[in-house]
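For the sequence shown, the numbering used here assigns the number 9 to the initial residue and increments by one for each residue that follows.
All C-beta atoms in this analysis are idealised placements derived from N, C-alpha and C, irrespective of residue type, glycine included.
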Amino acid sequence: MEFYNDIGGDPLKPSLFELVAQEQLRDLLQPALKYVLSVFAQQYPRYLLRIVNKHEEFYALLMFFVEKHYLKTYGASFAENFYGLKRRRKPLIETERAKAAVGGVPEEEQLGPRELQRSLLFLVGIPYLRAKAKDYYEELGGGIDPEMMEDVADVRRIQALTDQSVMGRFRRAYKRAYPWLNAGLELWLFIANVSYLFDKSSYYRPWLSWIGVDLRRLGADDLRRMGSTASSSVKQQAAGFKALLRSLAFSSPQFLLDSLKVILPTTIFFFKFLEWWYSPSSPARSLSTSPAGPAIPPPRLLHPHPKGLPVDPTKYGQCPICLGPINNATALPSGYVFCFRCAHDHVEKHGRCPITLLPARTWQMRKILL
């Protein structure tokens with residue numbers, strides 16, 4: 009990496025590898041946070057289930073405050089600041105002072121309200137819209153093998169796509185156009201990366217030109233200024249007990265946001281570790297695999313209680329409570345499978361399995377893959 013850092017005559021210009029690395033870090037934040045919320049939602053579904061179901065909106069709102077804090081405080085997004093980068097208002101004429109390795113950001117090159125708002129739009133707003141567009145495409149059956157579309161929900165999806173109304177024609181046009189539009193966008197970004205790599209462009213992302221900023225490495229003055237800010241805050245806290253309480257009241261939110269530099273990367277590491285640990289090639293598979301021998305037969309299914317809900321064994325994949333296709337399959341200790349919402353509402357209200365009438369608790373529910 010050091011070899012690539014020394015390419016060219018501008019020591020503060022980041023390499024493409026640094027820029028790609030910070031984008032990969034930003035892309036890993038959302039799945040890592042969603043995984044953590046999903047784990048806790050199984051224990052506290054009443055409080056976290058709605059957040060998990062609206063994860064895109066929750067994540068966009070959270071990142072709005074995080075990115076706004078980092079842009080105002082450090083002049084960079086969270087991922088950019090983590091990799092020692094900053095945003096600079098692009099000058100009309102590049103001066104030697106701006107290129108100097110020890111020269112910080114002049115006042116006229118610091119981010120203004122317009123650059124801040126446009127940066128938030130492309131850091132939070134556009135990724136949110138892209139995620140919702142992809143979800144809608146998958147909701148219409150995009151990228152799914154037609155042979156797998158056999159249940160009732162998929163039949164409804166097919167009916168929606170064959171509808172002759174205005175919305176039906178819009179859905180079909182959207183499903184056809186989305187892959188091409190997404191591929192065109194990725195090709196545009198790839199061309200911008202190649203242009204930046206060979207010094208044909210000052211921006212590795214095309215919209216940075218419209219925002220009016222470019223990315224730079226942190227210089228010696230930037231690091232010195234951060235150190236002086238931290239030391240001044242320590243002196244203020246030592247002024248007295250009242251001043252300490254006042255500083256804690258105002259600095260607690262800022263301290264929480266600054267601590268994300270450690271919390272979020274640690275969460276990502278934990279998420280990637282679990283992903284590797286439970287992968288088919290993980291040593292955990294070989295350690296947990298029992299030696300060759302006779303297969304243990306599955307336990308016998310408990311018989312339904314005469315006063316419980318009737319079960320039709322011929323209707324595989326049907327929830328015994330709502331009589332619809334099982335959505336988000338969840339098993340109770342009795343072994344019967346229901347929709348998660350149906351099972352959770354019934355167990356929370358009655359405290360027992362609706363078929364066998366055996367006692368059950370919400371923490372005993374287990375999500376399964378059909």
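In this structure, what does DSSP give as the bridge partners for residue i?
i, result
"Ala337", "Cys347"
"Leu128", "In DSSP, Leu128 forms no bridge with anything."
"Pro382", "Past the edges of the chain, shown from 9 to 378, lies residue 382, and the structure says nothing about it."
"Lys375", "Thr338"
"Gln326", "Pro333"
Hey, could you find the ends of the beta strand (DSSP E) residue i is sitting in?
i, result
"Val221", "Val221 to Arg225"
"Ala21", "It is Lys, not Ala, that sits at residue 21 in the sequence shown. Element bounds for Lys21: n/a, residue is neither H nor E."
What's the call for residue i, buried or exposed, on a 16-neighbour Cβ count within 10 Å?
i, result
"Arg308", "exposed"
"Met71", "buried"
"Arg122", "exposed"
"Gln30", "buried"
"Gly192", "exposed"
"Val242", "Note that Val242 scores 45 on pLDDT, short of 50, meaning its location in the model is unreliable; the coordinates nonetheless yield the value given after this. Burial call: exposed."
"Arg138", "exposed"
"Tyr67", "buried"
"Tyr204", "buried"
"Ile376", "exposed"
"Asp153", "With a pLDDT of only 47 at Asp153, under the threshold of 50, the placement of this residue in the model should not be trusted; the figure read from the coordinates follows. Its Cβ having fewer than 16 others within 10 Å, Asp153 is exposed."
"Leu27", "buried"
"Ala200", "buried"
"Tyr324", "exposed"
"Tyr212", "buried"
"Ser85", "buried"
"Leu69", "exposed"
"Glu155", "In this prediction, Glu155 has a pLDDT of 44, which is less than 50 and means its spatial position is unreliable; nothing more can be read from the coordinates."
"Tyr52", "exposed"
"Arg224", "buried"
"Val345", "buried"
"Ser342", "buried"
"Arg95", "buried"
"Gly359", "exposed"
"Gly120", "exposed"
"Ser173", "exposed"
"Gly112", "Interpretation of Gly112 is limited by its pLDDT of 49, a score under 50 that renders its predicted location unreliable; no figure is taken from the coordinates."
"Arg369", "exposed"
"Lys208", "exposed"
"Ala238", "Confidence is the limiting factor: at Ala238 the pLDDT is only 49, short of 50, which leaves the residue's position unreliable, though a coordinate-based value still follows. That one is exposed."
Just to confirm, are residue i and residue j a CB contact at a threshold of 8 Å?
i, j, result
"Lys315", "Leu366", "no"
"Ile363", "Leu331", "no"
"Met373", "Ala337", "no"
"Trp196", "Pro214", "yes"
"His354", "Ile329", "yes"
"Leu56", "Ala49", "yes"
"Tyr186", "Ala141", "yes"
"Cys347", "Cys327", "yes"
"Leu37", "His63", "no"
"Arg97", "Glu75", "no"
"Ala87", "Leu124", "no"
"Pro39", "Phe279", "yes"
Could you give the first and the last residue of the continuous alpha helix (DSSP H) run that contains residue i?
i, result
"Leu93", "That residue, Leu93, is in no alpha helix (DSSP H); its beta strand (DSSP E) goes Leu93 to Arg97."
"Asp143", "Ile134 to Glu147"
"Pro318", "That residue, Pro318, is in no alpha helix (DSSP H); it is neither H nor E in DSSP."
"Arg177", "Val174 to Leu205"
"Leu310", "It is not in any alpha helix (DSSP H) - Leu310 carries neither H nor E in the DSSP assignment."
"Ala84", "Counting along the chain, Ala84 falls outside any alpha helix (DSSP H), and DSSP gives it neither H nor E."
"Pro53", "Pro53 to Asn61"
Taking 8 Å as the threshold (beta carbon to beta carbon), is residue i in contact with chain C?
i, result
"Lys315", "Checking the listed chains, one finds no chain C in this structure; it contains a single protein chain."
Decide yes or no for the touch test of the segment 21 to 29 against the segment 82 to 100: beta carbon pairs closer than 8 Å, at least 3 of them. Contact holds: three or more Cβ-Cβ distances are below 8 Å.
Pairs of beta-carbons, one from the segment 68 to 82 and one from the segment 126 to 134, closer than 8 Å: are there three or more? Yes, the segment 68 to 82 is in contact with the segment 126 to 134.
Is the segment 213 to 228 touching the segment 169 to 186 in the sense that three or more CB pairs, one from each, lie closer than 8 Å? Verdict: no, contact absent.
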